[in-house]
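Peer 1: As given, the protein sequences belong to chains X and W, one line each in that order. So in my numbering, spot 86 of the first sequence is number 177, and the numbers just go up one at a time. So in my numbering, spot 20 of the second sequence is number 111, and the numbers just go up one at a time. No residue lacks a Cβ here, since even glycine has one placed at the ideal position from N, Cα and C.
Number of protein chains: 2
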Amino acid sequence: MNDSRKRLTRAEAKAQTRELLLEAAASTFADKGFAGASVDEIAEAAGFSIGALYSNFANKEQLFMEVLSTRATSRVAQATQIIEGGEDGLQDPMAALGRLLVDVADKDIDFAPLRAEFWLYAVRNPAVLDTFAARMREPTEALEHLVGKEMDRHGNPAAVPATNVAVVVHALFQGLVQQRRIDPASVPDELFGQALGWLFTGVKNAEQGECR
Amino acid sequence: MNDSRKRLTRAEAKAQTRELLLEAAASTFADKGFAGASVDEIAEAAGFSIGALYSNFANKEQLFMEVLSTRATSRVAQATQIIEGGEDGLQDPMAALGRLLVDVADKDIDFAPLRAEFWLYAVRNPAVLDTFAARMREPTEALEHLVGKEMDRHGNPAAVPATNVAVVVHALFQGLVQQRRIDPASVPDELFGQALGWLFTGVKNAEQGECR
DNA sequence: GTCTATAAACAGATAGAC
DNA sequence: GTCTATCTGTTTATAGAC
Numbered sequence: 092m093n094d095s096r097k098r099l100t101r102a103e104a105k106a107q108t109r110e111l112l113l114e115a116a117a118s119t120f121a122d123k124g125f126a127g128a129s130v131d132e133i134a135e136a137a138g139f140s141i142g143a144l145y146s147n148f149a150n151k152e153q154l155f156m157e158v159l160s161t162r163a164t165s166r167v168a169q170a171t172q173i174i175e176g177g178e179d180g181l182q183d184p185m186a187a188l189g190r191l192l193v194d195v196a197d198k199d200i201d202f203a204p205l206r207a208e209f210w211l212y213a214v215r216n217p218a219v220l221d222t223f224a225a226r227m228r229e230p231t232e233a234l235e236h237l238v239g240k241e242m243d244r245h246g247n248p249a250a251v252p253a254t255n256v257a258v259v260v261h262a263l264f265q266g267l268v269q270q271r272r273i274d275p276a277s278v279p280d281e282l283f284g285q286a287l288g289w290l291f292t293g294v295k296n297a298e299q300g301e302c303r
Numbered sequence: 092m093n094d095s096r097k098r099l100t101r102a103e104a105k106a107q108t109r110e111l112l113l114e115a116a117a118s119t120f121a122d123k124g125f126a127g128a129s130v131d132e133i134a135e136a137a138g139f140s141i142g143a144l145y146s147n148f149a150n151k152e153q154l155f156m157e158v159l160s161t162r163a164t165s166r167v168a169q170a171t172q173i174i175e176g177g178e179d180g181l182q183d184p185m186a187a188l189g190r191l192l193v194d195v196a197d198k199d200i201d202f203a204p205l206r207a208e209f210w211l212y213a214v215r216n217p218a219v220l221d222t223f224a225a226r227m228r229e230p231t232e233a234l235e236h237l238v239g240k241e242m243d244r245h246g247n248p249a250a251v252p253a254t255n256v257a258v259v260v261h262a263l264f265q266g267l268v269q270q271r272r273i274d275p276a277s278v279p280d281e282l283f284g285q286a287l288g289w290l291f292t293g294v295k296n297a298e299q300g301e302c303r
């Protein structure tokens, strides 16, 4: 009994070390990039030494991929799922989604750089490309539900596939987040929601034919 | 006379070396990133040795910034300016712009990775951020002209600022290019033009109020 | 399981030959 | 103006102490 408690505690300790290393890795990779970040400074940022890192991860690449698995990309999916279940945005889902996206962009400072780093890594390593593409399909699918509902709300069945609209919304979001990072004045808070509004009235009219 | 010809030829030779180094640098940075690419392999890719590189550029960073100055980001601006002056897209400027963006995305394979690399560098180096932001304003401003014309074509004066629409179009383009790179099937050729169509009918209706 | 010490390879940048 | 050789620091990854 004592023994099992002890074993559990040790397992927990190791798990905690792993988690701390993953957090430090995410932050350091965001700051300096995959090639630019050294395993040494990652370990140090986590409060450990290089030995602990190699005891928990096979090498730098595996650590990087592990960060991809646990963090970063699914934020948007989480966010949109909150909107679907929550009381927010019952009136105007698009404005609510706009606010939420701004929130994701501003709160999680590492989000965009980390995503860019993963994207580059995926583009450069064909073996990883499918894994990353699958990760990116997550938020798009979450958006697809929202998009589908919104399109239903406005009437008739799909002349435009919800999947395509979801891809566009996702791409627009990523693009705006990046632009906001280098030139905040050019991307005011409201622009997210406005752009979504334009897009959806446009889709709506495409469905039912031009309205004038 | 003989002397001046000789001097000119040498200057040209050096200029050519510089240009070759810049091309090789752009390609290598796109392939391996700023931190991942070594000056050695850049020089080698250009057909020169490391000494020639350091004879033409102060260091790796300056070479990188020089690549930014000469290449990469202004492609979209060039493209949209062609549309404005050309015979193409007189009927449907948005569809033409869509085709053109697809072309930029597919033909210039280094475009997106290089842009991502510059973006990351700018985000990480505050001193460079303004320079890069200015570069990014170039294509947006070119788009703004197109957008303004298109909005005029549909009628009344701006309830929506053309600048904001241009930012959205640019962001959308960048996002779609990135998504297409990791999951081509999710971003068919027509989607660029379609999305622009949705956006503009949406903006149009926002200008003149909802149409139903 | 984590740390310290170290091996082996490689980086950016410089100096001097041609 | 370009090349070769080299200096110096840093990198990833491993081995053995605790």
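Do glutamine 265 (chain W) and methionine 227 (chain X) have their C-beta atoms within less than 9 Å of each other?
Peer 2: Going by C-beta atoms, glutamine 265 (chain W) is not nearer than 9 Å to methionine 227 (chain X).
Peer 1: Just by C-beta distance, which residues in the segment 219-235 of chain W are closer than 8 Å to chain X?
Peer 2: Those would be Leu220, Phe223, Ala224, Met227, Arg228, Thr231, in chain order.
Peer 1: Does proline 252 (chain X) pass the burial test, meaning 16 or more other C-beta atoms within 10 Å, or should it be called exposed?
Peer 2: By the neighbour-count rule (16 or more Cβ atoms within 10 Å), proline 252 (chain X) is not buried but exposed.
Peer 1: Since asparagine 147 (chain W) and asparagine 296 (chain X) should fall inside the 8 Å C-beta cutoff, what is the C-beta to C-beta distance between them, to a whole number of angstroms?
Peer 2: In fact, because the Cβ distance is near 55 Å, the residues do not count as touching under 8 Å.
Peer 1: Go ahead and label glutamine 169 (chain X) buried or exposed: buried means 16 or more other beta carbons lie within 10 angstroms of its beta carbon, across all protein chains shown.
Peer 2: Counting Cβ neighbours within 10 Å, glutamine 169 (chain X) comes out exposed, since fewer than 16 surround it.
Peer 1: Have a look at W:Ser118, W:Thr171, W:Glu281 and flag the residue whose alpha-carbon is nearest the alpha-carbon of glutamate 229 (chain W).
Peer 2: Residue W:Thr171 is the option with its Cα nearest to glutamate 229 (chain W).
Peer 1: What residues in its chain sit with their C-beta under 6 Å from that of aspartate 117 (chain W), if we drop five residues either side in the sequence?
Peer 2: One detail in the question is off: residue 117 (chain W) reads as alanine in this sequence, not aspartate. Val158, Arg162.
Peer 1: Can you give the Cα-Cα distance for leucine 191 (chain X) and aspartate 199 (chain W), rounded to whole angstroms?
Peer 2: The alpha-carbon atoms of leucine 191 (chain X) and aspartate 199 (chain W) are separated by roughly 34 Å.
Peer 1: The alpha helix (DSSP H) with proline 275 (chain X) in it runs from where to where?
Peer 2: Counting along the chain, proline 275 (chain X) falls outside any alpha helix (DSSP H), and DSSP gives it neither H nor E.
Peer 1: Looking at C-alpha atoms only, which residue of W:Leu113, W:Leu111, W:Phe120 is the closest neighbour of alanine 207 (chain W)?
Peer 2: If we check each option's Cα against that of alanine 207 (chain W), W:Phe120 comes out closest.
Peer 1: CA-CA distance, aspartate 274 (chain X) and serine 140 (chain X)?
Peer 2: Distance between the alpha carbons of aspartate 274 (chain X) and serine 140 (chain X) is about 38 Å.
Peer 1: Less than 9 Å between CB atoms is the rule here; does arginine 244 (chain X) satisfy it with respect to chain W?
Peer 2: Answer no: the Cβ-Cβ gap between arginine 244 (chain X) and chain W never drops below 9 Å.
Peer 1: For glutamate 232 (chain W), which residues of its own chain have a beta-carbon under 8 Å away from its beta-carbon, when the five flanking residues on both sides are left out?
Peer 2: Taken in chain order, the residues that qualify are Ala168, Ala257.
Peer 1: At a CB-CB cut-off below 9 Å, which residues of chain X make contact with aspartate 201 (chain W)?
Peer 2: Those within 9 Å of aspartate 201 (chain W) in chain X number zero; the least Cβ separation is about 11 Å.
Peer 1: Compare the C-beta of glycine 176 (chain W) against all C-beta atoms of chain X and say whether one is closer than 9 Å.
Peer 2: By this cut-off, glycine 176 (chain W) is not an interface position.
Peer 1: Output yes if chain W places a C-beta closer than 9 Å to the C-beta of asparagine 147 (chain X); else output no.
Peer 2: By this cut-off, asparagine 147 (chain X) is not an interface position.
Peer 1: Quick one: Cα of arginine 109 (chain W) to Cα of glutamate 103 (chain W), how far?
Peer 2: Approximately 10 Å, taken between the alpha carbons.
Peer 1: Note down, in chain order, every chain W residue with its Cβ under 7 Å from the Cβ of alanine 213 (chain X).
Peer 2: Per Cβ cutoff of 7 Å: Ile273.
Peer 1: With a CB to CB cut of under 7 Å and the five nearest residues on each side skipped, what residues in its chain are close to threonine 254 (chain W)?
Peer 2: The residues are Glu235.
Peer 1: Whole angstroms are fine: how far does the CA of glycine 288 (chain X) sit from the CA of leucine 181 (chain X)?
Peer 2: If I take the Cα positions, the gap works out to 15 Å.
Peer 1: May I have the straight-line CA-CA distance separating alanine 143 (chain X) from arginine 101 (chain X), to the nearest angstrom?
Peer 2: The alpha-carbon atoms of alanine 143 (chain X) and arginine 101 (chain X) are separated by roughly 14 Å.
Peer 1: State the DSSP-derived secondary structure class of proline 252 (chain X), mapped to helix, strand or coil.
Peer 2: In this structure, proline 252 (chain X) counts as coil in the three-state DSSP scheme.
Peer 1: Looking at the C-beta of valine 238 (chain W), does it have a partner C-beta in chain X at a distance below 9 Å?
Peer 2: Answer no: the Cβ-Cβ gap between valine 238 (chain W) and chain X never drops below 9 Å.
Peer 1: Below 6 Å CB to CB, which residues in the same chain sit around valine 268 (chain W) once its five sequence neighbours on both sides are set aside?
Peer 2: Around valine 268 (chain W): Ala196, Ala203.
Peer 1: Shortest alpha-carbon distance to isoleucine 174 (chain W) belongs to which of W:Glu241, W:Leu113, W:His245, W:Phe291?
Peer 2: Out of W:Glu241, W:Leu113, W:His245, W:Phe291, W:Glu241 has the C-alpha closest to the C-alpha of isoleucine 174 (chain W).
Peer 1: Using beta-carbon positions only, say whether valine 278 (chain W) and alanine 262 (chain X) come within less than 9 Å of one another.
Peer 2: For valine 278 (chain W) and alanine 262 (chain X), yes; Cβs fall inside 9 Å.
Peer 1: Relative to the C-alpha of alanine 115 (chain W), which candidate in W:Leu205, W:Asp243, W:Phe291, W:Phe223 has its C-alpha closest?
Peer 2: Checked all of W:Leu205, W:Asp243, W:Phe291, W:Phe223; the closest Cα to alanine 115 (chain W) is W:Leu205.
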